[in-house]
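Report on the structure given below.
Numbering (this note's numbering), first residue to last: 517 to 990.
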């Protein structure tokens with residue numbers, strides 16, 4: 517509860533007496549890694565109830581496709597080769613970054629390819645399938661997407677804003693300089709653009725040019741609240757690889773470069789603490805219930821690479837939930853550790869406040885930054901089966917634990933006392949069974965609850981205390 521003069525009112529919710537609605541975007545958890553040795557991933561949720569997954573394979577020689585009714589199911593789904601590179605001529609080398617889209621009742625795959633006798637003559641191409649099932653259906657080649665500038669170009673993606681279809685891609689322009697820039701154009705068909713392409717981003721900042729490469733590539737679009745967010749990848753494809761973001765109003769002229777504002781730094785980057793390096797070449801999908809946006813990306817589980825990053829086969833496909841800030845912009849957080857993805861816990865009676873750690877003390881707070889301070893992995897309890905422990909997302913090995921009835925985030929010291937203090941029994945929410953309450957393992961009858969924004973383990977005999985001890989998974 518918020519005591520005395522500190523009592524506050526959240527829209528429709530008064531301290532100790534209110535009842536928060538179940539969050540519009542409940543928790544969505546997955547187990548990473550989703551697919552080993554699959555880079556540049558793309559997952560599309562179709563109306564037939566299936567997720568379709570394609571990605572770059574290390575041999576760079578074919579396009580593969582999987583489907584499953586759940587995102588996690590893609591990990592074990594059978595994989596079918598739907599197209600193989602040509603033995604000679606165009607589309608004969610470097611088959612990169614396939615994406616699968618469903619446009620006007622027809623399936624399309626966009627991909628980049630080199631020429632058999634000139635492997636770096638890379639251009640964007642399109643495949644088409646009219647069958648209902650793109651895995652068993654026949655694919656035909658629609659050919660190369662003709663661009664006015666016939667230079668190194670790749671990573672084509674397509675999206676619709678206000679009924680207009682656009683193509684975005686990465687391309688080198690010798691007149692601009694080395695490396696790749698981002699371009700956008702209107703489309704006249706799923707395999708052709710119309711009008712003059714517009715450059716909307718050029719890598720100039722240090723975070724876009726690290727590792728000796730000048731790179732903007734891998735555009736991907738997500739829309740929300742009248743805004744168009746175009747993420748992209750930057751820098752060398754090693755541990756320097758990261759994601760930036762362009763933002764435009766959906767009502768703006770997207771073919772005007774000034775309509776797009778670039779992030780001042782990366783929005784998603786390597787996490788040494790979690791052993792995740794070079795996250796990028798992302799796309800977006802949605803959770804099974806359609807209520808959460810999911811980031812799809814690749815990275816590596818180690819920093820150091822022998823030789824060229826392009827010859828290292830171990831980029832792997834990963835997924836994690838996207839959160840949205842109060843200002844309507846996406847918060848990608850950090851690439852989470854291998855294993856189960858984390859959740860956030862919002863207060864039942866102060867729904868804009870989340871459990872977070874601040875200087876290792878646990879509290880509830882709104883507008884948490886960085887996001888990962890409010891993310892926890894729900895793992896098997898350190899005290900054993902039947903209990904759970906809440907592990908910090910950005911301080912792996914640190915857990916919520918109680919001491920002197922206060923809740924802190926501390927490093928597991930492997931003692932029996934710590935294990936007991938950091939273990940809880942997850943109960944149906946005391947104030948709302950749709951929520952969750954955490955009862956102390958070694959102090960039965962005491963629950964994690966907030967008081968003056970700080971977390972304690974206390975008995976919860978009053979209605980107010982039960983509300984303070986109820987949280988929702990997000």
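Cβ atoms here follow ideal geometry from the backbone N, Cα and C, with glycine treated the same way.
(request) Measuring alpha carbon to alpha carbon, tell me which of 877, 830, 606 ends up nearest residue 658. (result) As a working mapping, residue 658 is identified with position 142 in the chain shown. For residue 658, the nearest C-alpha among the options comes from 606.
(request) Go ahead and pull the three-state DSSP assignment for residue 644. (result) One-based indexing of the chain shown puts residue 644 at position 128. In the structure shown, residue 644 sits in a strand (DSSP, three-state: E or B).
(request) Give the range of the beta strand (DSSP E) segment to which residue 683 is assigned. (result) Working through the chain shown from its first residue, we reach residue 683 at position 167. It spans 680-689 - the beta strand (DSSP E) in which residue 683 sits, taken as one unbroken run.
(message) I want to know whether the stretch 860-873 touches the stretch 815-827 - three or more CB-CB distances under 8 Å.
(response) Segments in contact, no.
(message) Going by C-alpha to C-alpha distance, which of 941, 760, 868 sits closest to residue 990?
(response) Against the chain shown, residue 990 aligns to sequence position 474. For residue 990, the nearest C-alpha among the options comes from 868.
(request) Work out the CA separation of residue 771 and residue 600 for me, nearest whole Å. (result) Residue mapping note: residue 600 aligns to position 84 of the chain shown, counting from 1. Residue mapping note: residue 771 aligns to position 255 of the chain shown, counting from 1. Roughly 35 Å between the two C-alpha positions.
(message) Given a cut-off of 9 Å on the beta-carbon distance, is the pair residue 591 and residue 797 in contact?
(response) Within the chain shown, numbered from 1, the residue matching residue 591 stands at position 75. Within the chain shown, numbered from 1, the residue matching residue 797 stands at position 281. At least 9 Å separates the beta-carbon of residue 591 from that of residue 797.
(message) Quick check: residue 680 and residue 735, are their CB atoms within less than 9 Å of each other?
(response) Looking up residue 680 in the chain shown gives position 164. Looking up residue 735 in the chain shown gives position 219. Against a cut-off of 9 Å, the Cβ pair of residue 735 and residue 680 comes out as no contact.
(message) Quick check: what's the CA-CA separation for residue 627 versus residue 613?
(response) Translated into the one-based positions of the chain shown, residue 627 becomes position 111. Translated into the one-based positions of the chain shown, residue 613 becomes position 97. Between residue 627 and residue 613, the C-alpha separation is close to 6 Å.
(request) Measure from the alpha carbon of residue 713 to the alpha carbon of each residue in 758, 661, 978, 744, then state which is nearest. (result) Sequence index remark: in the chain shown, residue 713 carries index 197 (1-based). Selected option, being the one with the closest Cα: 661.
(message) Which complete beta strand (DSSP E) runs does the stretch 572-660 hold, if anything under 3 residues is left out?
(response) 578-584, 596-600, 609-619, 622-631, 634-645, 656-660
(request) Please report how far the alpha carbon of residue 690 lies from the alpha carbon of residue 741, in whole angstroms. (result) Here residue 690 corresponds to residue number 174 of the chain shown, with the count starting at 1. Here residue 741 corresponds to residue number 225 of the chain shown, with the count starting at 1. Going by the C-alpha atoms only, they are around 37 Å apart.
(request) Hey, could you find the ends of the alpha helix (DSSP H) residue 784 is sitting in? (result) Within the chain shown, numbered from 1, the residue matching residue 784 stands at position 268. Per DSSP, residue 784 belongs to no alpha helix (DSSP H) and is neither H nor E.
(request) Check residue 820 in the structure and name its three-state DSSP category. (result) Position 304 of the chain shown, counted from the first residue, corresponds to residue 820. Residue state, collapsed to three classes: coil.
(message) Which same chain residues end up closer than 6 Å to residue 882 when comparing Cβ atoms and leaving out the 5 residues on each side of it in sequence?
(response) Stepping through the chain shown from its first residue, residue 882 is reached at position 366. Once the five neighbours on either side are set aside, the close Cβ partners of residue 882 are 868, 869.
(message) How far does the alpha helix (DSSP H) with residue 545 in it extend, from its first residue to its last?
(response) As a first step, residue 545 must be located in the chain shown, where it is residue number 29. For residue 545, no alpha helix (DSSP H) encloses it, and the DSSP letter there is neither H nor E.
(message) Rounding to the nearest angstrom, what Cα-Cα distance links residue 727 and residue 695 in this structure?
(response) The residue given as residue 727 occupies position 211 in the chain shown. The residue given as residue 695 occupies position 179 in the chain shown. Rounded to the nearest angstrom, the two C-alpha atoms are 12 Å apart.
(message) So, does the stretch 838-854 touch the stretch 580-594, judging by three or more C-beta pairs under 8 Å?
(response) no
(request) Determine the DSSP secondary structure at residue 531, reduced to helix, strand or coil. (result) Working through the chain shown from its first residue, we reach residue 531 at position 15. Since pLDDT at residue 531 reaches only 40, below the 50 mark, its modelled position is unreliable, and no value is offered.
(message) Judging by CA-CA distance, which residue of 739, 748, 763 is the nearest neighbour of residue 795?
(response) Stepping through the chain shown from its first residue, residue 795 is reached at position 279. Comparing Cα positions, the closest option is 748.
(message) Is the beta carbon of residue 816 closer than 9 Å to that of residue 755?
(response) The count along the chain shown starts at 1 and reaches residue 755 at position 239. The count along the chain shown starts at 1 and reaches residue 816 at position 300. Taking 9 Å as the cut-off, the Cβ atoms of residue 755 and residue 816 count as close.
(request) In the DSSP assignment, find the unbroken alpha helix (DSSP H) run with residue 937 in it and report its ends. (result) To locate residue 937, count along the chain shown from 1; it is residue 421. Unbroken alpha helix (DSSP H) run through residue 937: 932-937.
(message) Residues in the same chain with beta-carbon distance under 7 Å from residue 565, minus the five sequence neighbours each way, listed in chain order, please.
(response) Locating residue 565 in the chain shown gives position 49, where the first residue counts as 1. Contacts found: 585.
(request) Just list the beta strand (DSSP E) runs in the stretch 741-800, keeping only unbroken ones of 3 residues or longer that don't cross its boundaries, in chain order. (result) 743-750, 758-765
(request) Using the Cα positions of residue 616 and residue 912, report the straight-line distance between them to the nearest angstrom. (result) What you label residue 616 is simply residue 100 of the chain shown in a count that begins at 1. What you label residue 912 is simply residue 396 of the chain shown in a count that begins at 1. Looking at the two C-alpha atoms, the distance is approximately 35 Å.
(message) Do residue 799 and residue 812 have their beta-carbon atoms positioned less than 9 Å apart in this structure?
(response) Position 296 of the chain shown, counted from the first residue, corresponds to residue 812. Position 283 of the chain shown, counted from the first residue, corresponds to residue 799. Residue 799 sits close to residue 812, with the two beta carbons spaced by under 9 Å.
(message) Quick check: the Cα distance between residue 892 and residue 837, rounded to an integer number of angstroms?
(response) Mapped onto the chain shown, residue 892 falls at position 376. Mapped onto the chain shown, residue 837 falls at position 321. Their backbone Cα atoms lie some 13 Å apart in a straight line.
(request) Using DSSP bridges, identify the partner residues of residue 674. (result) For the purposes of this step, residue 674 is taken as the residue at position 158 of the chain shown. 683.
(message) What does the alpha-carbon distance come out to for the pair residue 927 and residue 567?
(response) Taking the first residue of the chain shown as position 1, residue 927 is located at position 411. Taking the first residue of the chain shown as position 1, residue 567 is located at position 51. One C-alpha to the other measures close to 38 Å.
(request) For the beta strand (DSSP E) containing residue 982, list its first residue and its last residue. (result) Numbered from 1 along the chain shown, position 466 holds the residue referred to as residue 982. Element bounds for residue 982: not the beta strand (DSSP E) but the alpha helix (DSSP H), 979-984.
(message) On the DSSP letters alone, give me the boundaries of the beta strand (DSSP E) that residue 553 sits inside.
(response) To locate residue 553, count along the chain shown from 1; it is residue 37. Looking at the DSSP string, residue 553 is not in any beta strand (DSSP E), and its letter there is neither H nor E.
(message) Let me check one thing: in DSSP terms, what residues is residue 892 bridge-paired to?
(response) Translated into positions along the chain shown, residue 892 becomes position 376. Beta-bridge pairing links residue 892 to 859, 908.
(request) Would you decide whether residue 877 is buried or exposed? Buried here means 16 or more other CB atoms lie within 10 Å of its CB. (result) Numbered from 1 along the chain shown, position 361 holds the residue referred to as residue 877. The residue in question, residue 877, is exposed, as its Cβ has fewer than 16 Cβ neighbours within 10 Å.
(request) Kindly indicate if chain D contains any beta-carbon less than 9 Å away from that of residue 563. (result) The displayed structure is made up of one protein chain only, and chain D is not part of it.
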